[in-house]
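What follows is a single structure, written as structure tokens, with notes after it.
Numbering (my numbering), first residue to last: 41 to 113.
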């Protein structure tokens with residue numbers, strides 16, 4: 041299995057990361073995750089491309105305390 045973990049950029053103050061795992065030499069995708077972080081390194085979302093983009097979304101108050109976590113379909 042090969043994996044790729046890559047910073048894919050900064051957008052609107054968010055740091056975006058992507059992680060992909062391939063099952064075999066034919067590059068059949070096993071899993072792909074994308075993550076977004078704010079400027080304080082708080083996780084804003086996780087998206088799972090291998091599950092149709094499902095994931096979680098998080099929000100924080102001004103003291104960086106988690107105030108909401110929700111699942112997105």
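Beta carbons: idealized from backbone N, C-alpha and C, even for Gly.
Scanning 98, 97 and 74 for the CA closest to the CA of residue 88 turns up 74. Distances from the CA of residue 56 to each of 110, 81 and 71 were compared; the closest alpha carbon is that of 81. Less than 9 angstroms divides the Cβ of residue 85 from the Cβ of residue 76. For the pair residue 109 and residue 66, the Cα-to-Cα distance works out to about 37 angstroms. The C-alpha of residue 72 is placed about 6 angstroms away from the C-alpha of residue 59.
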